[in-house]
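Here's the structure we're looking at; comments come further down.
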Amino acid sequence: MDDPRMGLFSTVPVEILVAAGFRPLDVNNAFIGAPEPRALLERAEAAGLPRTLCAWTRGLYATTLALGLPRIITVFEGDCSANRAMAELLRDRGVDVLPFRYPLADRTEAGVQAALEELARRLGTTLAAAEAVRADLAPLRSALESLDRLTWDEGRLSGAENHRWLVSSSDLGGGDAAAFLVAINAAIGAAACRDPAGRGPRLGLFGVPPALTDLHGAVEAAGARVIFNEVASDFAMTPPATDLADQYRRYAYPYGVEARGLRAIREADRRGVDAWVVYDQSFCHHNLERPAVDRLLGDRPRLHLEGDAPGPVGARDRIRLEAFIRTLARPRSRLRQPTRTTTAGGSPPALGLDLGSRFAKLAYRDPWGDVEVRILDSMQFYRTWARRTATGLALDLPAVLRDGLGVRPPAGLRGVATGYGRHLEGLVGCHAVPEVHAHAAGAAAQLGPGEFLLADLGGQDTKAIRVRDGVVLDFVMNDRCAAGSGRYVENMARLLEVELAEVMAHHADPVVLSNVCAIFGESEVVGLVVEGIPVERISAGILRSVAMRLLQLLGRLPAVGGLPLYLSGGLAASPGLLRLLEIHRGGDVASLPRPRLSGALGCLELATAAPTP
Amino acid sequence: MSSPSDQRVLLGPLPLAAFRGLGRPVVSGFQRALAGGHGAVRVARAEALGLPRAASPLVKALVGWALDAGGGELIAPIPGLLTDHRAALSALPESWRVRLLPLLAGDRAACARAVQRAGGVPEGPGDDTEGGGALVETILREQETGARPSDRVAAWLRRLQEPGPPGDPGPAEPGGGRVPLLALGPWTLFEDLPARVESLGGRVVWDEEGAQGATLARAAEPAAALAAWPALDPALRLSGILAAAARTGARGVILVMEAFTGALLDELWLRGHLDLPLLALEVEAPGPLDPARRLRLEAFLGLVGGP
Numbered sequence: 073m074d075d076p077r078m079g080l081f082s083t084v085p086v087e088i089l090v091a092a093g094f095r096p097l098d099v100n101n102a103f104i105g106a107p108e109p110r111a112l113l114e115r116a117e118a119a120g121l122p123r124t125l126c127a128w129t130r131g132l133y134a135t136t137l138a139l140g141l142p143r144i145i146t147v148f149e150g151d152c153s154a155n156r157a158m159a160e161l162l163r164d165r166g167v168d169v170l171p172f173r174y175p176l177a178d179r180t181e182a183g184v185q186a187a188l189e190e191l192a193r194r195l196g197t198t199l200a201a202a203e204a205v206r207a208d209l210a211p212l213r214s215a216l217e218s219l220d221r222l223t224w225d226e227g228r229l230s231g232a233e234n235h236r237w238l239v240s241s242s243d244l245g246g247g248d249a250a251a252f253l254v255a256i257n258a259a260i261g262a263a264a265c266r267d268p269a270g271r272g273p274r275l276g277l278f279g280v281p282p283a284l285t286d287l288h289g290a291v292e293a294a295g296a297r298v299i300f301n302e303v304a305s306d307f308a309m310t311p312p313a314t315d316l317a318d319q320y321r322r323y324a325y326p327y328g329v330e331a332r333g334l335r336a337i338r339e340a341d342r343r344g345v346d347a348w349v350v351y352d353q354s355f356c357h358h359n360l361e362r363p364a365v366d367r368l369l370g371d372r373p374r375l376h377l378e379g380d381a382p383g384p385v386g387a388r389d390r391i392r393l394e395a396f397i398r399t400l401a402r403p404r405s406r407l408r409q410p411t412r413t414t415t416a417g418g419s420p421p422a423l424g425l426d427l428g429s430r431f432a433k434l435a436y437r438d439p440w441g442d443v444e445v446r447i448l449d450s451m452q453f454y455r456t457w458a459r460r461t462a463t464g465l466a467l468d469l470p471a472v473l474r475d476g477l478g479v480r481p482p483a484g485l486r487g488v489a490t491g492y493g494r495h496l497e498g499l500v501g502c503h504a505v506p507e508v509h510a511h512a513a514g515a516a517a518q519l520g521p522g523e524f525l526l527a528d529l530g531g532q533d534t535k536a537i538r539v540r541d542g543v544v545l546d547f548v549m550n551d552r553c554a555a556g557s558g559r560y561v562e563n564m565a566r567l568l569e570v571e572l573a574e575v576m577a578h579h580a581d582p583v584v585l586s587n588v589c590a591i592f593g594e595s596e597v598v599g600l601v602v603e604g605i606p607v608e609r610i611s612a613g614i615l616r617s618v619a620m621r622l623l624q625l626l627g628r629l630p631a632v633g634g635l636p637l638y639l640s641g642g643l644a645a646s647p648g649l650l651r652l653l654e655i656h657r658g659g660d661v662a663s664l665p666r667p668r669l670s671g672a673l674g675c676l677e678l679a680t681a682a683p684t685p
Numbered sequence: 457m458s459s460p461s462d463q464r465v466l467l468g469p470l471p472l473a474a475f476r477g478l479g480r481p482v483v484s485g486f487q488r489a490l491a492g493g494h495g496a497v498r499v500a501r502a503e504a505l506g507l508p509r510a511a512s513p514l515v516k517a518l519v520g521w522a523l524d525a526g527g528g529e530l531i532a533p534i535p536g537l538l539t540d541h542r543a544a545l546s547a548l549p550e551s552w553r554v555r556l557l558p559l560l561a562g563d564r565a566a567c568a569r570a571v572q573r574a575g576g577v578p579e580g581p582g583d584d585t586e587g588g589g590a591l592v593e594t595i596l597r598e599q600e601t602g603a604r605p606s607d608r609v610a611a612w613l614r615r616l617q618e619p620g621p622p623g624d625p626g627p628a629e630p631g632g633g634r635v636p637l638l639a640l641g642p643w644t645l646f647e648d649l650p651a652r653v654e655s656l657g658g659r660v661v662w663d664e665e666g667a668q669g670a671t672l673a674r675a676a677e678p679a680a681a682l683a684a685w686p687a688l689d690p691a692l693r694l695s696g697i698l699a700a701a702a703r704t705g706a707r708g709v710i711l712v713m714e715a716f717t718g719a720l721l722d723e724l725w726l727r728g729h730l731d732l733p734l735l736a737l738e739v740e741a742p743g744p745l746d747p748a749r750r751l752r753l754e755a756f757l758g759l760v761g762g763p
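Residue numbers (this note's numbering), protein chains in the order written: chain W, 73 to 685; chain H, 457 to 763.
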């Protein structure tokens, strides 16, 4: 054959491909390792593939054509639902497509054996020949196992390195198994000389290989380590098996989330995983397994992170990672007593700043414990009191106090900031705290000890936090979509040409808005107005949409059904939303006493632990 | 008397008659999920369980329905069902068991084995009366419970009442001077699409899902019919669509695709093979057409309805 390359869209029995004289090439690895993976996505989109398809799918299509692969093998049962239509598209473009089916309904050695024999027959080889290849690869599988152990047992190989090597095993390192083995042994030799990693939470990464290219590094920057790459380690198929049927029966990925979850828990117990990062690929069918993943992963804390196109972890997700890892360390920010506007005397003077996307919320505690609060427009705040310096964005805290709050700046003032702006701007002169913890502390300060759910409905994101005695137990946030946020409601009010308060008032007989996207939702609302639907019903529909998104978020937190729910953020002032949540959730739903100031008040609570200026 | 946990729920247009063994009630899951115009409510119920917004609306409606329906056995064909659909079934409580039905295009014996292992009857008697009878029973049950029969069920029933050989859904409905159209994909997720098409001077003369359902329901040998089920093989599907287009003289195609699923690739693939104007509509949630999609439908009917 002129060109022996066989593109892989998913992990398949490479031993059979090699036995048949093909050179396996995992197109996923070629895509993510390309110099410009985003350019490949653009090529796929220019060819007509929709933007709301998984980036991996779009990347596979463009990479296959860019590499000029003469043939691919794709998994029809046990992988993505796009594979069938993709196969047809590629056939139309002259690519030979070979399907492979894992025996989903018969995960026995006999069932797997039959599937392997069928593949061998179609490729013109035999299972005996493939078994000989498997035997030749045994040293490689053993080396992969040793390499994995260097990460989870000895801490000498980083999570990122571990991921890269294990993922590469799907095509035997690009089809040259001998060279791959040499490279792995070199990596093992180099890592063995390193010092073990320091202490810190040990994380498992559950999910398909992330498009977030520096996810492992971001985890390490936040003070933890990935010691178990769930899918990548499944690809590696270690330890060596007795035969191919055994090897591909043990391979869990194609057999659904239950099989993967059981394997993951077993490995997590063996490796000492403290918590999980669950990676969700945008528009991937695996996202429908979220409830099952949460159930299967049990009591260990977990954070869901979503990624779309290849690229680094964004500022917002870094905040979430940081908050999550901090939660694992369980800082004891317990609050002394419920506080309202006055705290116990003796606390240092402090200024809490919640720098939101729309408003900057300020809370100042003077040397006598009295608290002053103020809400300012974000743009006005930054323009007046922020200036760029060589080391970041400096806030003139004395001027904020003097001109924004009308008080004389005291000596020894501590500034504590949280909010969306914090990571983006790199504040100077302020101690930064994660948003999730600030909001939890602020809510607990208003409510006192006890356990509750807090939903912070911010300008452009929503957080659902489980709080017990001021400590964050768990949290989830919405992903990459402004629909359901405060700004969404604000935009709708503008569109309807009514006051925001008018939209926030209604709950009765809501229309159902079917569009997921906030922008398309606006077109839908225009259509409803044209049809003569009353503003009251449209307003109730907008709030219903917000309520449903929040309930979907709460649904991702396990076993919280009986806890009271408190709202903070601008939308907490909406009587219509509160009523809709009562109707659809049942149980106690209420707004915090000072819903917009929770983050700033929380900063004050956390100021005691902040460094002295 | 049977309990909810006895019920068998078929996903996709599987032949009800083939799974009516042991006196257990058999229902069609997706029809139930959308029945009575409650699809959107059921989607919301599934989302409250934690299923994402950006995911198949059809399976979310099914999960929402199943949460209220107690439990039983879900029979899921592979292939023939989107991976997304199967993935979502993992969200259901333990009162539901999922049984995979591994079918193979063109392999009657493999399909027969699968049906048999699932407790069904792969061959005979399976006459037209029984297949149609099961659908009629479904409709009657839904009427008894106050839910109106879904448009899709009604369409199947109409076709079952007309003669036609196995593998053919029956003669095309009379066009009455209207613009004949094909409807592909889960088009009844848009509850008012059939009525809108009619009001704009068009008529759906061949509905892919309805045709598949009718073919499977009327088959004397369910296993043989399943082996020829177009959902198992894109080539088979395409040839069926092309044959229907030629037979009916269709002047356009309306393709409905579930948003956020691999089905979105169908548009690009079908455009490459159909020599007819095609309107592709993504559906994010069950319900009526929104204004933007209505506008596109109007423009499309204007395009294909011209001289």
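Quick reminder that beta carbons are idealized off the backbone N, C-alpha and C, glycines included.
Residue range of the beta strand (DSSP E) that H:Gly708 falls in?
Counting along the chain, the beta strand (DSSP E) containing H:Gly708 begins and ends at 708–714.
Spatial distance of W:Val280 from W:Leu477 (CA atoms):
Rounded to whole angstroms, W:Val280 and W:Leu477 show a C-alpha spacing of 50 Å.
Among H:Trp643, H:Pro535, H:Asp462, the one whose alpha carbon lies nearest that of H:Gln487:
Check the Cα spacing between H:Gln487 and each of H:Trp643, H:Pro535, H:Asp462: the tightest is with H:Trp643.
Simplified DSSP state of H:Glu600, which is helix, strand or coil
Residue placement at H:Glu600 cannot be trusted, given a pLDDT of 41 that sits under 50; the coordinates are not used to answer.
Cα-Cα separation, W:Gly344 to W:Arg274:
Take the alpha-carbon of W:Gly344 and the one of W:Arg274: they are about 7 Å apart.
Note down the Cα distance separating W:Gln452 from W:Pro420, rounded to an integer number of angstroms.
Approximately 28 Å between the Cα atoms of the pair.
Please state whether DSSP places W:Gln353 in a helix, a strand or coil.
Strand, per DSSP.
Closer than 7 Å, CB to CB, is H:Asp722 near chain W or not?
Interface with chain W (7 Å Cβ-Cβ cutoff): H:Asp722 is included.
For H:Asp663, decide whether its Cβ has a neighbour in chain W, counting only Cβ atoms nearer than 7 Å.
False, the Cβ-Cβ gap to chain W never drops below 7 Å.
Among all the DSSP beta bridges, which residues are the ones paired with W:His503?
When beta bridges are read from the DSSP output, W:His503 appears opposite W:Val488.
Where do the ends of the alpha helix (DSSP H) carrying W:Ile337 lie?
The continuous alpha helix (DSSP H) containing W:Ile337 extends over residues 329–343.
Please identify the residue among W:Ala308, W:Glu339, W:Leu400, W:Val303 whose C-alpha is closest to the C-alpha of W:Asp705.
Lying outside 73 to 685, the shown extent of chain W, residue 705 of chain W is not represented and no answer is given.
Quick one: which residues of the region 123–142 of chain W get their C-beta closer than 8 Å to a C-beta of chain H? List them in chain order.
Here the close residues are Thr124, Leu125, Thr129.
DSSP state of H:Trp552, grouped into three classes?
Of the three classes helix, strand and coil, the one that applies to H:Trp552 here is strand, per DSSP.
Below 7 Å between beta carbons: does that hold for H:Leu490 and H:Ala517?
Taking 7 Å as the Cβ cut-off, H:Leu490 and H:Ala517 qualify as a contacting pair.
Any idea if H:Pro625 is buried or exposed, counting beta-carbon neighbours within 10 angstroms, 16 or more meaning buried?
For H:Pro625, the predicted model reports a pLDDT of 45, less than 50, meaning its position is unreliable; a value from the coordinates is still stated below. Counting other Cβ atoms within 10 Å of its Cβ, H:Pro625 reaches 16 or more and is therefore classed as buried.
Just to make sure I have the definition right: I need the residues of chain W whose C-beta is within less than 8 Å of the C-beta of H:Ile531. Which are they?
Under the 8 Å cutoff, chain W gives no residues; its nearest Cβ is about 11 Å from H:Ile531.
Just list the residues that DSSP pairs W:Val661 with in beta bridges.
Answer is W:Leu637, bridged to W:Val661.
Going straight from the alpha carbon of W:Arg110 to that of W:Ile104, what length do you get?
Linking W:Arg110 to W:Ile104 through their CA atoms gives a straight-line distance of about 9 Å.
Between W:Val584 and chain H, is the shortest Cβ-Cβ distance under 7 Å, so that the two count as touching?
Any Cβ of chain H closer than 7 Å to the Cβ of W:Val584 would place that residue at the interface, and such an atom is present.
Rank H:Leu732, H:Gly718, H:Ala683 by C-alpha distance to the C-alpha of W:Cys126 and give the top, closest one.
The shortest Cα separation from W:Cys126 among H:Leu732, H:Gly718, H:Ala683 belongs to H:Gly718.
Closer than 7 Å, Cβ to any Cβ of chain W: which residues of the region 552–564 of chain H, in chain order?
Within the region 552–564 of chain H, Leu556, Pro558 place their CB atoms closer than 7 Å to a CB of chain W, listed in sequence order.
Could you tell me whether any Cβ in chain W is nearer than 7 Å to the Cβ of H:Glu725?
The question names Glu, but residue 725 of chain H is Trp in the sequence shown. Against chain W, the CB of H:Trp725 has a partner CB under 7 Å away; the residue lies at that interface.
Tell me, please, whether the CB atom of H:Pro549 is closer than 7 Å to any CB atom in chain W?
At least 7 Å separates the CB of H:Pro549 from every CB of chain W.
In the DSSP output, what is W:Leu237 paired with across the bridge?
Checking the sequence shown, residue 237 of chain W turns out to be Trp, not Leu. According to DSSP, which records beta bridges pairwise, W:Trp237 is partnered with nothing at all.
Would H:Gly743 pass as an interface residue toward chain W - the criterion being a Cβ-Cβ separation below 7 Å?
By this cut-off, H:Gly743 is an interface position.
Relative to chain H, which residues along the region 153–166 of chain W have a C-beta separation below 8 Å, given in chain order?
Residues passing the 8 Å Cβ filter: Ser153, Ala154, Asn155, Arg156, Ala157, Met158, Ala159, Glu160, Leu161, Asp164.
Using 7 Å as the limit for Cβ to Cβ distance, is H:Ala543 near chain W?
Yes, its Cβ sits closer than 7 Å to a Cβ of chain W.
Report the option in H:Pro678, H:Leu640, H:Ala706 whose CA atom is closest to the CA atom of H:Glu738.
It is H:Leu640 whose Cα lies nearest to the Cα of H:Glu738.
Once the 5 residues before and after H:Ala522 are set aside, which same chain residues still bring their CB inside 7 Å of it?
Correct list, in chain order: Leu548, Trp552.
Distance, Cα to Cα, W:Gln409 vs H:Leu751?
Legend: pLDDT at W:Gln409 = 34, less than 50; position of this residue unreliable, value from coordinates given subsequently. For W:Gln409 and H:Leu751, the gap between their C-alpha atoms comes out near 59 Å.
To which residues does DSSP link W:Leu434 through a beta bridge?
W:Leu434 pairs with W:Leu425, W:Arg446.
Residues of chain W with CB under 7 Å from H:Gly471, in chain order?
Per the sequence shown, the amino acid found at residue 471 of chain H is Pro instead of Gly. Result: empty, since nearest Cβ-Cβ is about 19 Å, beyond 7 Å.
Residue from W:Arg271, W:Leu653, W:Ser218 with nearest C-alpha to W:Ala308
Looking only at W:Arg271, W:Leu653, W:Ser218, the smallest Cα-Cα distance to W:Ala308 is reached by W:Ser218.
Let's see if you can read the secondary structure: which residues bound the alpha helix (DSSP H) around W:Ile614?
Per DSSP, W:Ile614 is one residue of the alpha helix (DSSP H) stretching across 607–626.
Can you tell me whether W:Thr463 is buried or exposed, with buried defined as 16 or more other CB within 10 angstroms of its CB?
Looking at its Cβ environment, which holds fewer than 16 other Cβ atoms inside 10 Å, W:Thr463 is exposed.
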